[in-house]
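See below for the structure under consideration.
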Amino acid sequence: MWVRIQREPFDPGAESNAFFATDGAAGATVTFTGLVRSTPDKPIDALILEHHPTMAKKQIERFATEAMEKFELVDIAVIHRFGEMKVGEVIVQVMAASPHRQAAFDGANYVMDWLKTDAPFWKQEVTSDGAKWVEHRKADDDAKNKWNTETPPKSV
Amino acid sequence: MWVRIQREPFDPGAESNAFFATDGAAGATVTFTGLVRSTPDKPIDALILEHHPTMAKKQIERFATEAMEKFELVDIAVIHRFGEMKVGEVIVQVMAASPHRQAAFDGANYVMDWLKTDAPFWKQEVTSDGAKWVEHRKADDDAKNKWNTETPPKSV
Amino acid sequence: MKILYFAWLRERMNKGQEDVAPPEAVTTIDQLIDWKAANDEGFALAFEDRAIIRASIDDELVDHDAPIANAREIAFFPPMTGG
Amino acid sequence: MKILYFAWLRERMNKGQEDVAPPEAVTTIDQLIDWKAANDEGFALAFEDRAIIRASIDDELVDHDAPIANAREIAFFPPMTGG
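Line order of the protein sequences matches chains P, H, D and R. Throughout the first sequence, residue numbering follows the working numbering, covering 1 to 156 in sequence. Throughout the second sequence, residue numbering follows the working numbering, covering 157 to 312 in sequence. Throughout the third sequence, residue numbering follows the working numbering, covering 313 to 395 in sequence. Throughout the fourth sequence, residue numbering follows the working numbering, covering 396 to 478 in sequence.
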């Protein structure tokens, strides 16, 4: 299990291949890749991500560890960027390996759902009008609730 | 939507990157990659896949089209190999792109579940004892039933 | 019409395909199996555990009670193990 | 202890962090917000819609009734929008 939080762009396919080389022997790998999106009805020039460095790393490591325990995973890895990124660049990639394909799907899905609501990153969309904070989506709260985690991944 | 069935090995990361370049603008992409597995307690030297060429293409295209309709996908693509493949090589890769991450997860998952039970491929595991047909797993039938598809994807 | 055999069914039949001309009374997959089994000992042996064998007509999966009228190509095979 | 602000909370506060020394009577996140709001008009304005603001103590997400004793670093931020 590893988590990398970095400013630099990365090559998603090269990261997948490196992950397969290490953990592909498991049989099934599911990769989630989130890219900066710009649509005709809501065009943006770029995305700026602010984050809480120490807490972001700690939270994502927690979700990844929980996924390892909850599902039958051989390994899971997460790369999340911060700073400014252009349209089409990768924001986040989650890779989960397992002997069982459903476990690989669930592991990657679980980490993404929790990461969306409980990892300290905040997006700004940059348009010709300037930068605007993206609003938190209620649907993201609902998504994580499907896991029926009785003890949400926070302490105290 | 496209489906490729081929004998030649392919580079899974390069295929993902090409897919992102075409459909990454959707925002979320989920990639399932299935690799030839050899475990210490059940080591194999290679895998040989036999298939029914015309029907295999038609069936996978059907599952991919159904996934496009059932979930909010922008695109879905499948590469499936046949013939002999070495340990660590990719057998199958499914890539699903959507503005919504759950749709991307579901689309790839749906195609894999149906492909496992209803696409005409048959695996032989090659060991020092020779080649042995892999038995169909009951768990794969159960997996596809989770989609509650009232009309199973077959005609007549 | 043409019959295709795949995987261990192909091995047991010792051939991948053959042309057949069943009589008109043979109208379903099940009846086709009955008719072949009655006339071909190797086929009867290969199709012993008939319930697990799957069939397709012209690239479409079908049940054993499916009509075979107008079929160009019928395929028989064990449960699939792709992916 | 140190307080960190992120995203639009940082912008509204016009700073990313500050050191504070609340009196002993201030024992929870909620009381810390009350105390800061009473002494800092900018803070009061920024924390107007307090219910949506999330907090962490030493990198752990906490509820507003969490005790702040022994906290080295408290962070305040809007709902997250990563991934």
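Positions of the beta carbon are idealized from the N, C-alpha and C atoms, including for glycine.
Does residue i come within less than 7 Å of chain R when only Cβ atoms are used?
| i | result |
| --- | --- |
| P:ALA64 | no |
| P:GLU8 | no |
| P:MET85 | no |
| P:GLU50 | yes |
| P:PHE20 | no |
| P:LYS138 | no |
| P:GLY130 | no |
| P:LYS42 | no |
| P:PHE71 | no |
For residue i and residue j, I'd like the C-alpha separation in whole angstroms.
| i | j | result |
| --- | --- | --- |
| P:ALA28 | P:ALA67 | 15 Å |
| P:ASP140 | P:SER98 | 25 Å |
| D:ILE365 | H:THR187 | 32 Å |
| P:PRO153 | D:GLY395 | Interpretation of P:PRO153 is limited by its pLDDT of 49, a score under 50 that renders its predicted location unreliable; the figure taken from the coordinates is listed afterwards. Spanning the two alpha carbons is a distance of roughly 34 Å. |
| P:VAL90 | P:ARG81 | 8 Å |
| H:GLY190 | H:VAL248 | 5 Å |
| D:ILE380 | H:ALA275 | 21 Å |
| H:PRO196 | P:ALA25 | 11 Å |
| H:VAL159 | H:VAL234 | 5 Å |
| H:THR221 | H:ILE204 | 28 Å |
| P:GLY130 | P:ILE44 | 10 Å |
| H:SER172 | P:ALA96 | 16 Å |
| D:ASP361 | D:VAL374 | 17 Å |
| P:SER38 | H:PHE261 | 21 Å |
| D:THR340 | D:ALA367 | 11 Å |
| P:VAL94 | D:PHE318 | 38 Å |
| P:PHE19 | P:MET1 | 11 Å |
| P:GLY88 | H:LEU229 | 17 Å |
| P:GLU61 | R:LYS410 | 28 Å |
| R:ALA461 | H:HIS256 | 34 Å |
| H:ASP269 | P:VAL111 | 22 Å |
| D:THR393 | D:MET325 | 20 Å |
| P:HIS136 | P:GLY107 | 23 Å |
| H:THR210 | D:GLU385 | 11 Å |
| H:LYS198 | P:LYS42 | 52 Å |
| H:GLU225 | H:ALA212 | 20 Å |
| P:ASN145 | P:LYS138 | 11 Å |
Hey, does residue i have any beta-carbon neighbour from chain D nearer than 7 Å?
| i | result |
| --- | --- |
| H:MET157 | no |
| H:HIS256 | no |
| H:LYS302 | no |
| H:PHE270 | What sits at residue 270 of chain H in the sequence shown is Trp, not Phe. It does not: the Cβ of H:TRP270 has no partner Cβ on chain D nearer than 7 Å. |
| H:MET251 | no |
| H:THR189 | no |
| H:VAL248 | yes |
| H:MET224 | no |
I'd like to know whether the C-beta atoms of residue i and residue j end up nearer to each other than 7 Å.
| i | j | result |
| --- | --- | --- |
| P:SER50 | P:TRP122 | Residue identity check: residue 50 of chain P is Glu in the sequence provided, not Ser. Against a cut-off of 7 Å, the Cβ pair of P:TRP122 and P:GLU50 comes out as a contact. |
| H:ASP231 | H:ASP167 | no |
| R:ALA466 | R:ILE452 | yes |
| H:VAL192 | H:MET241 | yes |
| D:TRP320 | D:PRO391 | no |
| P:THR13 | H:ALA299 | Checking the sequence, you will find Gly at residue 13 of chain P rather than Thr. Cβ atoms of P:GLY13 and H:ALA299: not closer than 7 Å. |
| D:ASP352 | D:HIS376 | no |
| R:ALA416 | P:HIS52 | no |
| P:VAL126 | P:ALA46 | yes |
| R:ASP429 | P:LYS58 | no |
List the residues of chain A that residue i touches, going by C-beta distances under 7 Å, in chain order.
| i | result |
| --- | --- |
| P:ASP118 | The chain labelled as chain A is not found among the protein chains of the depicted structure, namely P, H, D and R. |
Does the CB of residue i have a neighbour CB from chain H at under 7 Å?
| i | result |
| --- | --- |
| D:GLY395 | yes |
| P:ARG37 | yes |
| D:ALA387 | yes |
| D:ALA319 | yes |
| P:GLY88 | yes |
Kindly say whether residue i, judged by its beta-carbon, lies nearer than 7 Å to any beta-carbon of chain P.
| i | result |
| --- | --- |
| R:PHE442 | no |
| H:GLY169 | yes |
| R:THR422 | no |
| H:GLY180 | yes |
| H:VAL186 | yes |
| H:PHE261 | yes |
The ligand MN and residue i: does the residue's C-beta get closer than 6 Å to at least one heavy atom of that ligand?
| i | result |
| --- | --- |
| H:ARG160 | Among the ligands in the structure shown, none appear at all, so the ligand MN cannot be discussed. |
Please report the Cβ distance between residue i and residue j, rounded to the nearest whole angstrom; I am assuming they are in contact, meaning their Cβ atoms lie under 8 Å.
| i | j | result |
| --- | --- | --- |
| P:PHE71 | P:LEU115 | 16 Å between Cβ atoms; not a contact. |
| R:ILE398 | R:GLU413 | 6 Å |
| D:ALA349 | D:PHE355 | 6 Å |
What does the Cβ neighbour count give for residue i, buried or exposed, with the cut at 16 atoms within 10 Å?
| i | result |
| --- | --- |
| P:THR117 | buried |
| H:ALA383 | The requested residue 383 of chain H is not part of the displayed model; chain H covers only 157 to 312. |
| H:GLY319 | Residue 319 of chain H cannot be examined here, being either before or after the span of chain H that is shown, 157 to 312. |
| D:ARG396 | Given that chain D is displayed from residue 313 to residue 395, the structure contains no residue 396 of chain D and the question cannot be resolved. |
| P:ASN109 | buried |
| P:GLN6 | exposed |
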